[in-house]
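Enquirer:
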Amino acid sequence: MSDLARQLFGTDAPPKRLALIVDLDDTVCTSFACPLRAALDVLARLHRQKVDVHYVTARTDASRRGTEDFLAEYRLPGYRNVHYCPNWKSSRRHKAEVHATLAREYRVIASIGDTDEEEGEASRLAGVPFVLVDRDNPFAAWAALADLIRAAEGFIVEERA
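Numbering of the sequence shown is given in the numbering used here, commencing with residue 59 and proceeding in unit increments.
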């Protein structure tokens, strides 16, 4: 709970919203825009009223148009929550700072990414559970993430026809 929330609400502060931190390259897509089916399946099932998706990426603002087009094309949640890396900052530092900020503002279910040196370290520093994606078999990581989201009640239970 932030200091301002504590001052305004005391102990009756509203609970933090759920969030998910997601890397893009080699986590949601390969070759900049080729989607990974396992990622699309999990992200498409998120209950958008309960879970805010934040993409924390090493991509710079120069990639904004392509990134937004990709997110829109595959109807992925969180298209407004892409955290691009400033040109002057290392991706490692950028990810650590954004993970820490999001961990203060949200109840982060988990972070998922393909590099332990960047996303994994950023998650650990922020106290956020981390799921490492194996580039050769991303399905297992996305299945593990789905279990974490389900436990946090962030999925809609849909009836299939």
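The beta carbon of each residue, even a glycine, is placed where N, CA and C say it ideally should be.
These numbers were taken from a predicted model, which means no experiment stands behind them.
Return the chain-ordered list of same chain residues with a C-beta closer than 7 Å to the C-beta of Glu174, the five sequence neighbours on each side being excluded.
Expert: Position 116 of the sequence shown, counting from 1, holds the residue named residue 174. In the sequence under discussion, the amino acid at residue 174 is Asp, which differs from the Glu named in the question. Excluding sequence neighbours, Asp174 sits near Leu190.
Enquirer: Measure from the alpha carbon of Val156 to the alpha carbon of each residue in Ala77, His141, Ile170, then state which is nearest.
Expert: Taking the first residue of the sequence shown as position 1, residue 156 is located at position 98. Of the listed residues, the one whose Cα sits closest to Val156 is His141.
Enquirer: I need the DSSP call for Phe197, collapsed to helix, strand or coil.
Expert: Here residue 197 corresponds to residue number 139 of the sequence shown, with the count starting at 1. Three-state result, Phe197: helix.
Enquirer: What whole-angstrom Cβ distance do Gly136 and Val111 have, given they're in contact under 8 Å?
Expert: Working through the sequence shown from its first residue, we reach residue 136 at position 78. Working through the sequence shown from its first residue, we reach residue 111 at position 53. With a Cβ gap of about 3 Å, Gly136 and Val111 count as contacting.
Enquirer: Any idea what DSSP makes of Ile214, helix, strand or coil?
Expert: Translated into positions along the sequence shown, residue 214 becomes position 156. Coil.
Enquirer: Taking the alpha carbon of Thr88 as the reference point, which residue from Asp205, Asn145, Thr125 has its own alpha carbon closest?
Expert: Residue numbering aside, residue 88 sits at position 30 when the sequence shown is read from its first letter. That would be Thr125, whose Cα lies nearest to the Cα of Thr88.
Enquirer: If you drop the 5 nearest sequence neighbours on each side, which residues of the same chain put their C-beta closer than 8 Å to that of Pro73?
Expert: Along the sequence shown, one-based indexing puts residue 73 at 15. Answer for Pro73: Arg165, listed in chain order.
Enquirer: What residue range does the beta strand (DSSP E) around Asp110 cover?
Expert: The residue given as residue 110 occupies position 52 in the sequence shown. It spans 109-114 - the beta strand (DSSP E) in which Asp110 sits, taken as one unbroken run.
Enquirer: Just grab the DSSP bridge partners of Thr88 for me.
Expert: As a working mapping, residue 88 is identified with position 30 in the sequence shown. In the DSSP assignment, the residues bridged to Thr88 are Cys92.
Enquirer: Going by C-alpha distance, which of Lys147, Asp119, Val86, Gly185 is nearest Asp172?
Expert: Position 114 of the sequence shown holds residue 172. The shortest Cα separation from Asp172 among Lys147, Asp119, Val86, Gly185 belongs to Val86.
Enquirer: With 16 other CB atoms within 10 Å as the buried threshold, where does Ser169 fall?
Expert: In the sequence shown, the residue the question calls residue 169 occupies position 111. By the neighbour-count rule (16 or more Cβ atoms within 10 Å), Ser169 is buried.
Enquirer: Buried or exposed for Glu22, going by 16 or more other Cβ atoms inside 10 Å?
Expert: Absent from the structure is residue 22, since the part of the chain shown begins at 59 and ends at 219.
Enquirer: Within the continuous beta strand (DSSP E) that includes Val191, where are the two ends?
Expert: Start at 1 with the first residue of the sequence shown, and residue 191 comes out as number 133. Val191: not part of any beta strand (DSSP E); DSSP gives it neither H nor E.
Enquirer: Please state whether DSSP places Asp127 in a helix, a strand or coil.
Expert: One-based indexing of the sequence shown puts residue 127 at position 69. Secondary structure of Asp127 (DSSP, three-state): helix.
Enquirer: Near Pro187, which residues of its chain fall below 6 Å by C-beta distance, leaving aside the five closest residues on each side in sequence?
Expert: On the sequence shown, residue 187 is found 129 positions in, with the first residue counted as 1. Closer than 6 Å at the Cβ level, and outside the excluded window around Pro187, lie Ala168.
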